[in-house]
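Counting from 698, one number per residue, gives the positions in the sequence shown under the working numbering.
By construction, the Cβ of each residue, glycine as well, lies at the ideal position given by its N, Cα and C atoms.
Predicted, not measured: the structure shown is a model, and the values here were computed from it.
Read through the structure below, which is laid out as structure tokens, and then see the notes.
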Amino acid sequence: MNFLKGRKLWEKISKWKKSDWLILILVGILLMVIAIPTSDSEHKNRLKEQDVVPEDAKATDSDVGEEDSQKEYRLALEQELSGLLSKMDGVGKVEVMITLENSGQKQLDKNVESSDNSYSSETVIYENDDREAPYIVDSYMPNVAGVVVVAQGGENPVVASRILDAVQSLFGLEAHKITIVKMSALEDAN
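Here it is in structure tokens:
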């Protein structure tokens, strides 16, 4: 009986056209591509995307020191920019305020295990003074979101244009994120 079933099947298959065979081959190739496991490089790319964590996403009580360092970073930027702009011709006395876009990022260390069909990662934790914390591989400073420049020469369009160009080149900001204004007469006297 099995012989008869096999013979009938062969008769049906032998009547197939070229297009039927082509469809069968393409379906076979598609099934093979679907069955191939993903490569480790895809897992590593996903790992890199997941491991860069915005600092403000995981704020804790111990982040108070980080807030202080961010404030110090902002103040240092303001001081350096003020010093630079005040040396430019026509600018005069300058005060600068910088706002930060975020609180920076930290890249965490991960233990990664992957095989043909599975992938897992675990954040590396270390103990310090009876506290556990994630091991940070790299840390990125916050981005500058906006700058306000108050300058004695801020009303002069040529001076304002030079200030705008300087701030744009230093921080990579768009022009609408930078404001330049003339310092008031009361501040000029001080």
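According to DSSP, simplified to helix, strand and coil, what is residue i?
i, result
"Q804", "strand"
"G780", "helix"
"K879", "strand"
"V724", "helix"
"I822", "strand"
"E769", "helix"
"D835", "strand"
"S852", "Here residue 852 turns out to be Glu, not Ser, going by the sequence shown. Coil, per DSSP."
"S815", "coil"
Please work out which residues of its chain come closer than 6 Å, Cβ to Cβ, to residue i, disregarding the five sequence neighbours upstream and downstream, and give them in chain order.
i, result
"E792", "V847"
"E810", "S817"
"Q747", "Low local confidence applies: a pLDDT of 48 at Q747 is under 50, so the model's placement there is unreliable, with the coordinate-based value given in what follows. For Q747, where only same-chain residues beyond five positions count, there are no Cβ hits under 6 Å."
Give me the Cβ distance between residue i and residue j, rounded to the nearest whole Å; I'm assuming they're in contact under 8 Å.
i, j, result
"Q849", "V788", "7 Å"
"T796", "G843", "5 Å"
"Q767", "P854", "In fact, because the Cβ distance is near 34 Å, the residues do not count as touching under 8 Å."
Excluding the five sequence neighbours on either side, which residues of its own chain have a C-beta within less than 8 Å of the C-beta of residue i, listed in chain order?
i, result
"M785", "V856, R859, I860 and A863"
"A872", "L861 and Q865"
"K894", "Given that the chain is displayed from residue 698 to residue 887, the structure contains no residue 894 and the question cannot be resolved."
"S889", "Outside the displayed range of the chain (698 to 887) lies residue 889, so it cannot be described from this structure."
Since residue i is in the beta strand (DSSP E), which residue starts that stretch and which ends it?
i, result
"L797", "V791 to L797"
Please report the residue range of the alpha helix (DSSP H) in which residue i lies.
i, result
"V788", "No alpha helix (DSSP H) holds V788; DSSP gives it neither H nor E."
"A848", "Counting along the chain, A848 falls outside any alpha helix (DSSP H), though it belongs to the beta strand (DSSP E) covering V841 to A848."
"A830", "From DSSP, A830 is part of no alpha helix (DSSP H) but of the beta strand (DSSP E) over R828 to P831."
"L870", "Unbroken run through L870: none, as it is neither H nor E."
Excluding sequence positions up to five away, which residues of its chain have a Cβ less than 7 Å from the Cβ of residue i?
i, result
"A756", "Note on A756: pLDDT 47, under 50, position unreliable in the model; the coordinate value appears next. Within the same chain, A756 has no close Cβ partners at all."
Is it true that the stretch 826-833 meets the stretch 762-775, where meeting means three or more beta-carbon pairs spaced less than 8 Å apart?
no
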